[in-house]
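Since the structure comes first, as structure tokens, the remarks are kept for the end.
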Amino acid sequence: MIPHARPFLTPLLRSGTPIVVCLATALYACGGSDADVSTIDERLSGGETTVFDDTWGSYKRPAANLDDEALRAFSLGDHLFNRGWVTAPASIPGGDGLGPTFNANNCSSCHSKSGNGGPPDAEGEAFLSLLLRLSIPGTGPHGAPNPEPAYGDQFNSRGISGVPGEGRERVRYVDVSGTYGDGTPYTLRKPFYSFEDLAFGPMDPATMVSPRLARPVFGLGLLETIPDEAILAKADPDDADHNGISGRPNRVWSVRKQAMVLGRVGWKANQPNVEQQTAGAFLGDMGITSLLFPEENCTSAQVACLAAPTGVTAGSPAGTGELSEADLDALNRWGKTLGVPARRDVDDPQVRAGQALFKSAGCVQCHADDALTGNDPEFPALSKQRIHPYSDLLLHDMGEGLADGRPDFEATGSEWRTPPLWGIGLLNTVNKHNFLLHDGRARGFAEAILWHDGEAAGARETFRAMSAKERDALVRFLQSL
Ligand code: HEC
Ligand code: HEC
2 MIPHARPFLT
12 PLLRSGTPIV
22 VCLATALYAC
32 GGSDADVSTI
42 DERLSGGETT
52 VFDDTWGSYK
62 RPAANLDDEA
72 LRAFSLGDHL
82 FNRGWVTAPA
92 SIPGGDGLGP
102 TFNANNCSSC
112 HSKSGNGGPP
122 DAEGEAFLSL
132 LLRLSIPGTG
142 PHGAPNPEPA
152 YGDQFNSRGI
162 SGVPGEGRER
172 VRYVDVSGTY
182 GDGTPYTLRK
192 PFYSFEDLAF
202 GPMDPATMVS
212 PRLARPVFGL
222 GLLETIPDEA
232 ILAKADPDDA
242 DHNGISGRPN
252 RVWSVRKQAM
262 VLGRVGWKAN
272 QPNVEQQTAG
282 AFLGDMGITS
292 LLFPEENCTS
302 AQVACLAAPT
312 GVTAGSPAGT
322 GELSEADLDA
332 LNRWGKTLGV
342 PARRDVDDPQ
352 VRAGQALFKS
362 AGCVQCHADD
372 ALTGNDPEFP
382 ALSKQRIHPY
392 SDLLLHDMGE
402 GLADGRPDFE
412 ATGSEWRTPP
422 LWGIGLLNTV
432 NKHNFLLHDG
442 RARGFAEAIL
452 WHDGEAAGAR
462 ETFRAMSAKE
472 RDALVRFLQS
482 L
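FYI, in my numbering the residues of the sequence shown are 2 to 482.
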């Protein structure tokens with residue numbers, strides 16, 4: 002029997018495609034031909050969670066196979082993700098505790114429509130959804146990055162009333178030119194970051210800075226449910242198969258488990274799961290403490306920050322932070338159960354040609370197109386799903402050009418987690434821009450590929466040597482994801 006057969010039909014019925022008719026009979030008995038079977042399967046990037054929506058709202062829909070109770074939890078989390086948090090003490094308890102220092106006062110100001118942030122596009126433009134993480138050499142507790150002594154581990158440019166923000170970030174872009182194999186020229190841009198109006202004096206001269214752009218939030222529950230062994234099976238730390246691609250897992254500290262676990266979330270797989278990423282965002286981005294991170298992030302140099310009033314969670318025991326446990330739970334449930342948008346145009350000849358090139362160029366070695374989730378009794382909708390994330394969730398050395406030079410747990414300064422590519426073809430529709438890579442330097446798919454180096458140098462060179470027609474096909478394939 003097909004698990005979750007009833008809810009599975011919902012997205013297809015919504016999609017209004019002819020596939021509905023044969024699916025109503027049986028999942029893999031559609032029309033009898035192999036072509037039909039592959040069409041159905043490939044569209045379902047997130048298995049039965051897949052949502053058939055190709056509009057601006059496609060990143061923020063609930064998984065298609067949620068039951069009524071899970072849908073109720075989803076709406077609560079959705080509300081919390083979009084609400085603005087205010088300075089303590091607020092007249093209505095709950096929802097306060099913003100700051101003392103922070104970057105934004107709601108989650109969705111960086112992840113607009115649950116999607117990607119954009120970098121400051123021009124010099125002097127304000128930073129919003131591009132964060133700068135800071136550390137100095139050495140490691141903090143459990144192998145975490147060692148925070149900059151006066152500014153902490155993330156630059157917070159804003160402060161609540163009476164508390165100074167830490168200063169201002171600036172970016173400068175420098176052009177880097179190159180040519181495709183067929184002689185066509187291209188120009189890439191490389192960002193350089195600096196700080197101005199620093200409130201607590203100069204930073205430690207050894208400070209390392211990691212720029213991080215807000216990533217889309219959907220699909221992470223599925224990635225969290227992939228068994229560790231399946232991810233580790235793809236790792237090849239010593240490149241035993243001599244294909245130039247190694248792939249290493251990150252190991253990070255789980256506050257909930259009080260143990261080192263596999264990292265899966267964030268540009269360097271620097272967080273274990275949605276819950277800890279969420280609690281980390283509340284503290285790091287909004288200055289709101291929680292059960293997982295109960296201490297405000299004021300360094301000893303930040304006197305006004307230390308003296309500022311903190312928010313109170315109605316009914317919660319002391320020391321459990323400003324965010325209630327129920328709210329953290331609702332956001333975790335919401336984050337884990339966002340649906341993944343379905344692919345489009347899978348049978349278009351140009352898309353098929355691009356898909357073949359994606360495989361032959363070796364992109365798929367890191368952007369792995371197939372995974373099976375394990376079993377999570379608490380989240381039946383995420384269990385036993387065949388998914389197409391286009392990521393192995395492993396770290397790869399991407400070369401000097403992309404390096405931030407800042408280690409994060411076991412990730413080195415030039416390693417990044419392969420970002421999932423599912424839904425990426427809808428980026429412009431949802432977030433109205435095409436900025437890609439960890440710092441948003443790439444202005445579209447081709448530039449993102451041209452920055453690939455290190456372990457991905459071979460794949461990049463294959464792309465650079467392609468004819469314009471082949472390059473267009475590969476990009477068209479990415480647009481279908
Ligand atoms: C100031 C901007 C900003 C705000 C506000 C913000 N985020 Fe993020 N978010 C980011 C950045 C940047 C990353 C990438 C972090 C990294 O790589 O370490 C991210 C990553 C994430 C991820 C992981 C995505 C992935 O694919 O790895 C989740 C989940 C997430 N944020 C949830 C939230 C939630 C929930 C909130 C509100 C509590 C929130 N964020 C608020 C900027 C922001
Ligand atoms: C060795 C592993 C590896 C190979 C091979 C590889 N990639 Fe990537 N890819 C990555 C990593 C890691 C990043 C993130 C780098 C960063 O942000 O600095 C990335 C980023 C991307 C992005 C931007 C995603 C985003 O969310 O910003 C696209 C698009 C992409 N790759 C496409 C491709 C294509 C197409 C190919 C084949 C020509 C390819 N990649 C080959 C590892 C790889």
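Using N, Cα and C, we set each Cβ at its ideal position, and we do this for glycine too.
Computed from a predicted structure; not experimentally measured.
From Pro101 to Gly182, what does the alpha carbon distance come to, in whole angstroms?
Pro101 and Gly182: Cα-Cα distance of roughly 53 angstroms.
State yes or no: is the C-beta of Ala469 within less than 9 angstroms of the C-beta of Thr185?
The answer is yes: Cβ separation under 9 angstroms.
What would DSSP say about Val347, mapped onto helix, strand or coil?
Correct three-state label for Val347: coil.
When the distance is taken between beta carbons, is Tyr194 closer than 9 angstroms to Pro212?
Yes, Cβ-Cβ distance for Pro212 and Tyr194 is below 9 angstroms.
Tell me whether the segment 403-413 and the segment 140-151 touch, counting them as touching only if at least three CB pairs, one residue from each stretch, are closer than 8 angstroms.
Short answer: they touch.
According to DSSP, is Leu28 helix, strand or coil?
A caution first: Leu28 carries a pLDDT of 37, below 50, which makes its placement in the model unreliable, though a value can still be read off. Leu28: coil per DSSP, three-state reduction.
Between Gln259 and Val266, is the Cβ-Cβ spacing less than 9 angstroms?
Not closer than 9 angstroms, so no.
By the three-class DSSP mapping on this structure, what secondary structure does Leu129 have?
Leu129: coil per DSSP, three-state reduction.
Are there 16 or more other CB atoms within 10 angstroms of the CB of Ala30, so buried, or fewer, so exposed?
Bear in mind that the predicted position of Ala30 carries a pLDDT of just 33, short of 50, making it too unreliable to give a figure here.
Under the assumption that Phe478 contacts Val341 (Cβ atoms under 8 angstroms), give the Cβ distance between them as a whole number of angstroms.
With 8 angstroms as the limit, Phe478 and Val341 do not qualify as a contact, their Cβ atoms being about 17 angstroms apart.
Three-state secondary structure (DSSP) at Phe380?
It is coil, neither helix nor strand.
Tell me the rounded alpha-carbon separation between Ala207 and Asp55.
Computed Cα separation, rounded: 46 angstroms.
Contact check, Asn106 vs Gly85 under 8 angstroms by CB: the rounded distance?
Indeed they touch by this definition, with Cβ atoms about 5 angstroms apart.
Sorry if obvious, but does the Cβ on Leu332 come closer than 8 angstroms to a heavy atom of ligand 1?
The answer is yes for Leu332.
Following a CB-centred definition, is Trp268 positioned closer than 8 angstroms to any heavy atom of ligand 1?
Trp268: yes, Cβ under 8 angstroms from ligand 1.
Is His368 near ligand 2, judged by its Cβ being under 8 angstroms from some heavy atom?
Checking the Cβ of His368 against ligand 2 gives yes.
Could you check where the alpha helix (DSSP H) with Met287 kicks off and where it finishes?
Here the alpha helix (DSSP H) through Met287 covers 275-287.
Buried or exposed, going by whether 16 or more other CB atoms sit within 10 Å of the CB of Gly455?
Gly455 should be labelled buried.
What residues match up with Leu373 in a beta bridge as DSSP calls it?
Leu373 pairs with Arg387.
For Val164, collect the residues of the same chain with a Cβ closer than 7 angstroms to its Cβ; drop the 5 residues on either side in sequence, then sort them by chain order.
So the list reads Gly100, Pro101, Thr102, Ala305, Cys306, Ala309, once near-sequence residues are dropped.
I'd like to confirm something about Ala443: is its beta-carbon nearer than 8 angstroms to some heavy atom of ligand 2, or not?
Checking the Cβ of Ala443 against ligand 2 gives yes.
Closer than 8 angstroms to a non-hydrogen atom of ligand 2 - does that hold for the CB of Arg249?
Because no heavy atom of ligand 2 lies under 8 angstroms away, the Cβ of Arg249 does not count as near it: no.
Helix, strand or coil for Gln155, going by three-state DSSP, please let me know.
DSSP places Gln155 in strand when its eight states are reduced to three.
Is the segment 152-172 in contact with the segment 353-367, if contact means three or more CB pairs nearer than 8 angstroms?
Flag = no, the segment 152-172 and the segment 353-367 do not touch.
Between Leu475 and ligand 2, is the CB less than 8 angstroms from at least one heavy atom?
Correct: Leu475 has its Cβ closer than 8 angstroms to ligand 2.
How many Å lie between Asn298 and Leu438 at the Cα?
So the two alpha carbons sit approximately 28 angstroms from each other.
Kindly list the residues whose CB is nearer than 7 angstroms to the CB of Leu72, restricted to its own chain and excluding five residues on each side of it in sequence; keep chain order.
Result list for Leu72: Pro63, in chain order.
Measure the C-alpha to C-alpha separation of Ser392 and Ser247 and round it to an integer number of angstroms.
The straight-line gap from Cα to Cα measures roughly 14 angstroms.
Would you mind giving the Cβ-Cβ distance between Val210 and Leu135, rounded to the nearest angstrom? I have them listed as a contact below 8 angstroms.
So it is a contact: roughly 6 angstroms between Cβ atoms.
So, helix, strand or coil for Ala466, using DSSP?
Ala466: coil per DSSP, three-state reduction.
Thinking C-alpha only, which one of Pro192, Glu401, Trp57, Leu394 is nearest Thr419?
Out of Pro192, Glu401, Trp57, Leu394, Leu394 has the C-alpha closest to the C-alpha of Thr419.
Between Ala89 and Gly312, is the Cβ-Cβ spacing less than 9 angstroms?
Yes, the pair counts as a contact, with Cβ atoms nearer than the cut-off.
Is Arg84 helix, strand or coil by DSSP?
Coil, per DSSP.
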